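Just below is one structure, and these are the notes that go with it.
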């Protein structure tokens, strides 16, 4: 019965708020609150980790945690409507109880990032754990631990950008550089236009004393990696996050195995150096 | 450790005694071969087969099991009732597989409560092989026809008698519970047991298993996988029959709001195994899937656990409908490694 001692049993959580993130209405952010405060305490996480969202009767799906532990009292997950479980999640109203199993996986290397400049490059709806990382670093208690922070985030269109209000707030801050771009703007769009790799090359953040965290669709990653290399970021200083089909999330069921790594427990966060040592099966 | 001898005529009595206050699971002759089955009638125990059709891994890792039940949005029950069990007549390769599975289900300090509870409650009485099967190659993958790994008791067939050697404290206690029908083993009997092992080892045909992991890594893009992928039907029988394959699925089943979350065996041979929600599939071809199974066992597991996840039982060889012979595949990979 006990989710604290049985890693297969989810913690019950209440859907506190549902935010529709995009024009296509297939991306929703769920604000979840633990039913039991003991569970909230046990769910001790770091940005970059993920959890299995569980709808009893439908199944589970692994989703990156979009909130930062500095945001106390709730968890955020941004979910794209894709299959059976996410489809069901999208139909659920505020107040409903679902399950959360985690935190799972290896987080972003926060300790290594401390004292360094950090460049965050995100694309589309893969921005979720990068949002968590940014939010963590700019929290009052932590901001002093990090050097310059640069966030470059792009989406297909203005309507597909996640966390629109928050991005505005970030742009207004003077302790981080926020660069937002869309592939193609609309009549109301006054911001930048252009693909993420191009914008990254334009902004050209220095690789000196810096780490880079990148997450986006495969096509963005493909064209961003050469730019990262050009900017002088070493593969060991370039951090990515992988997606894989998963079930158990705790390194048993074998589904997310790539080479000798399991994405669920050895990742999802890997350095580019680690990824280069893996067979190209992701 | 305690070593006793039992007159084989008293085998049924032994089975009765061992199963007196526990569930007893042992090989039973079946239309399709020999299968591990719960014993209520001791006369059904059949120790003749070398390898049962399926391995006894199901006793500690069932093909299908409920993780928990639920009603509506509430988990109602977890932790299944698991009985104390004696698993009798297990061949040393299958017993060794338990020791390998233990590593996965306790990996990185993350314990699988279902597996571990069953494992803790299962006493393993193994039986050394005098005459290995046609497809057996245990000694080529670190095992032996009289291997002790994973077992609590190891038995030796001396013709009209069984010599039973306790390997663990629990095994010793189990043997003591049958002391009324056993006698202490004599030096001659111990010698006879040793001789049988030596004979059995001689009968095993050695298989060259790739040991150079770096070279094996280099085989990833080799042509051999295309050829093998063409033959492999992706039916998964190798994984289901394998005592060390442990991949599983988790699915929900419901009826009128009451349901259960279950886990069931799964295999990397299936095309849907790695299919993402987005439609992306990292292993789209059977070449890649067959390669995954072989490399997981012989490259990734050695990297993670220091040993290949193969005990040489040969079930994948005898059951493959396409005639894929893992031994031949290993030989080829080993010779490719040498050539590089």
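Protein chains in written order, with this note's numbering: chain A, 1 to 282; chain B, 1 to 340. Built from N, CA and C at the ideal position, the CB exists for glycine as well. All values derive from a computational prediction rather than experimental measurement.
* Does the segment 53–66 of chain B come within contact of the segment 35–45 of chain B, defined as at least 3 CB pairs closer than 8 Å? -> They touch, by the three-pair rule.
* In chain order, what residues of the same chain have a beta carbon less than 8 Å from the beta carbon of residue 302 (chain B), not counting five sequence neighbours either side? -> Stepping through the second chain from its first residue, residue 302 (chain B) is reached at position 302. Result list for residue 302 (chain B): 213, 308, in chain order.
* Asked: Excluding the five sequence neighbours on either side, which residues of its own chain have a C-beta within less than 7 Å of the C-beta of residue 74 (chain A), listed in chain order?
  -> Here residue 74 (chain A) refers to the residue found at position 74 of the first chain. Excluding sequence neighbours, residue 74 (chain A) sits near 16, 31, 32, 33, 67.
* Kindly confirm or deny that the segment 279–296 of chain B and the segment 193–213 of chain B touch, where touching means at least three C-beta pairs closer than 8 Å. => no
* Asked: In or out: residue 149 (chain B) buried (at least 16 other Cβ within 10 Å) or exposed?
  -> Walking along the second chain from the start, residue 149 (chain B) turns up at place 149. Counting Cβ neighbours within 10 Å, residue 149 (chain B) comes out buried, since at least 16 surround it.
* **DSSP state of residue 344 (chain B) mapped onto helix, strand, coil** => What is shown of chain B runs 1 to 340, which leaves residue 344 (chain B) out entirely.
* Asked: When you check each C-beta in the segment 86–113 of chain B against every C-beta of chain A, which residues fall closer than 9 Å?
  -> 104, 105, 107, 108, 110, 111, 112, 113
* Asked: For residue 103 (chain A) versus residue 49 (chain A), is the C-beta distance shorter than 9 Å?
  -> Along the first chain, read from residue 1 onward, the residue named residue 103 (chain A) stands at position 103. Along the first chain, read from residue 1 onward, the residue named residue 49 (chain A) stands at position 49. It is a contact, given that the beta carbons lie within the stated cut-off.
* Can you name the residues that DSSP bridges to residue 212 (chain A)? -> Indexing the first chain from 1 puts residue 212 (chain A) at position 212. BP columns for residue 212 (chain A) point to A:119, A:238.
* To do: Compute the distance between the beta-carbons of residue 127 (chain B) and residue 98 (chain B), then report whether it is under 9 Å.
  => On the second chain, position 127 is the one that residue 127 (chain B) refers to. On the second chain, position 98 is the one that residue 98 (chain B) refers to. Not closer than 9 Å, so no.
* Is the Cβ of residue 292 (chain B) closer than 9 Å to any Cβ of chain A? -> For the purposes of this step, residue 292 (chain B) is taken as residue 292 along the second chain, with counting starting at 1. True, the Cβ-Cβ gap to chain A drops below 9 Å.
* Any chain A beta carbon closer than 9 Å to residue 299 (chain B) -> Translated into the one-based positions of the second chain, residue 299 (chain B) becomes position 299. Closer than 9 Å: yes.
* **Extent of the continuous alpha helix (DSSP H) to which residue 92 (chain B) belongs** => Sequence index remark: in the second chain, residue 92 (chain B) carries index 92 (1-based). Looking at the DSSP string, the run of the alpha helix (DSSP H) that includes residue 92 (chain B) is 92–105.
* To do: Whole angstroms is fine: what's the gap from residue 277 (chain B)'s alpha carbon to residue 184 (chain A)'s?
  => Locating residue 277 (chain B) in the second chain gives position 277, counting from the first residue. Locating residue 184 (chain A) in the first chain gives position 184, counting from the first residue. Residue 277 (chain B) and residue 184 (chain A): Cα-Cα distance of roughly 26 Å.
* Asked: What's the call for residue 150 (chain A), buried or exposed, on a 16-neighbour Cβ count within 10 Å?
  -> Residue mapping note: residue 150 (chain A) aligns to position 150 of the first chain, counting from 1. Residue 150 (chain A) is classed as buried because its beta carbon has at least 16 other beta carbons within 10 Å across all chains shown.
* To do: Return the residue from the list B:96, B:118, B:160 that minimises the CA-CA distance to residue 146 (chain B).
  => Mapped onto the second chain, residue 146 (chain B) falls at position 146. Comparing Cα-Cα distances from residue 146 (chain B) to each of B:96, B:118, B:160, the minimum goes to B:96.
* Taking just the CA atoms, how far does residue 49 (chain B) sit from residue 173 (chain B)? -> As a first step, residue 173 (chain B) must be located in the second chain, where it is residue number 173. As a first step, residue 49 (chain B) must be located in the second chain, where it is residue number 49. Near 27 Å, if we compare the C-alpha coordinates of residue 49 (chain B) and residue 173 (chain B).
* Which of helix, strand or coil DSSP assigns to residue 98 (chain A) -> Taking the first residue of the first chain as 1, we reach residue 98 (chain A) at position 98. Three-state DSSP puts residue 98 (chain A) in a strand.
* Contacting residues, own chain, Cβ-Cβ under 7 Å from residue 194 (chain A) (five flanking each side not counted) -> Mapped onto the first chain, residue 194 (chain A) falls at position 194. 181, listed in sequence order.
* Asked: Are the CB atoms of residue 200 (chain A) and residue 231 (chain A) nearer to each other than 9 Å?
  -> Start at 1 with the first residue of the first chain, and residue 200 (chain A) comes out as number 200. Start at 1 with the first residue of the first chain, and residue 231 (chain A) comes out as number 231. Closer than 9 Å, so yes.
* Asked: At which residues does the beta strand (DSSP E) containing residue 264 (chain B) begin and terminate?
  -> Residue numbering aside, residue 264 (chain B) sits at position 264 when the second chain is read from its first letter. Segment 258–265, the beta strand (DSSP E) holding residue 264 (chain B).
* Asked: Closest Cβ-Cβ distance between residue 2 (chain A) and chain B: below 9 Å?
  -> For the purposes of this step, residue 2 (chain A) is taken as residue 2 along the first chain, with counting starting at 1. Yes, because at least one Cβ of chain B sits closer than 9 Å to the Cβ of residue 2 (chain A).
* Which whole-angstrom value is the C-beta distance of residue 6 (chain B) and residue 167 (chain B), which I expect to be below 8 Å? -> Here residue 6 (chain B) refers to the residue found at position 6 when the second chain is read from its first residue. Here residue 167 (chain B) refers to the residue found at position 167 when the second chain is read from its first residue. That belief does not hold up - the Cβ atoms of residue 6 (chain B) and residue 167 (chain B) are roughly 16 Å apart, past 8 Å.
* Start and end of the alpha helix (DSSP H) containing residue 111 (chain A)? -> Within the first chain, the letter at position 111 stands for residue 111 (chain A). 110–113 is the extent of the alpha helix (DSSP H) around residue 111 (chain A).
* Counting contacts by CB-CB distance shorter than 9 Å, is residue 149 (chain A) in contact with chain B? -> For this step, residue 149 (chain A) is matched to residue 149 along the first chain. Residue 149 (chain A) does not count as touching chain B.
* Residue burial classification, residue 225 (chain B) (beta-carbon count within 10 angstroms, cutoff 16) -> The residue given as residue 225 (chain B) occupies position 225 in the second chain. Here residue 225 (chain B) is buried. Its C-beta has 16 or more other C-beta atoms within 10 Å.
* To do: Determine the contact status of residue 233 (chain B) and residue 92 (chain B), defining contact as a CB-CB distance below 9 Å.
  => As a working note, residue 233 (chain B) is residue 233 in the second chain. As a working note, residue 92 (chain B) is residue 92 in the second chain. Contact flag unset, no.
* Which one of B:209, B:4, B:275 has the shortest CA to CA distance from residue 328 (chain B)? -> The residue labelled residue 328 (chain B) in the question sits at position 328 within the second chain. Considering only alpha carbons, the answer is B:209.
* Asked: Could you give the distance in angstroms between the alpha-carbon of residue 106 (chain A) and the alpha-carbon of residue 120 (chain B)?
  -> Working through the first chain from its first residue, we reach residue 106 (chain A) at position 106. Working through the second chain from its first residue, we reach residue 120 (chain B) at position 120. Going by the C-alpha atoms only, they are around 30 Å apart.
* Asked: How would you write the range of the beta strand (DSSP E) that residue 249 (chain B) sits in, first residue to last?
  -> Numbered from 1 along the second chain, position 249 holds the residue referred to as residue 249 (chain B). Unbroken beta strand (DSSP E) run through residue 249 (chain B): 248–255.
* By the criterion of Cβ-Cβ separation under 8 Å, what are the contact partners of residue 309 (chain B) in chain A? -> Against the second chain, residue 309 (chain B) aligns to sequence position 309. The premise fails here: residue 309 (chain B) is roughly 11 Å from chain A at the closest Cβ pair, so nothing lies under 8 Å.
* Asked: To the nearest angstrom, how far is it from the Cα of residue 205 (chain B) to the Cα of residue 298 (chain B)?
  -> What you label residue 205 (chain B) is simply residue 205 of the second chain in a count that begins at 1. What you label residue 298 (chain B) is simply residue 298 of the second chain in a count that begins at 1. Whole-angstrom Cα-Cα distance: 19 Å.
* Asked: Where in the segment 258–326 of chain B do unbroken runs of the beta strand (DSSP E), each at least 3 residues long, occur, reported from the N-terminal end onward?
  -> Fully enclosed beta strand (DSSP E) runs of 3 or longer: 258–265.
* **Near-chain B residues of the segment 244–277 of chain A (beta-carbon distance less than 7 Å), N- to C-terminal order** => 245, 247, 248, 250, 251, 252, 253, 254, 255, 257, 259, 260, 265
* Between B:67, B:10, B:62, which lies nearest to residue 7 (chain A) when the distance is taken from Cα to Cα? -> Walking along the first chain from the start, residue 7 (chain A) turns up at place 7. Nearest option by C-alpha distance: B:67.
* Asked: How long is the line joining the alpha carbons of residue 4 (chain A) and residue 250 (chain B), rounded to whole angstroms?
  -> For the purposes of this step, residue 4 (chain A) is taken as residue 4 along the first chain, with counting starting at 1. For the purposes of this step, residue 250 (chain B) is taken as residue 250 along the second chain, with counting starting at 1. About 19 Å.
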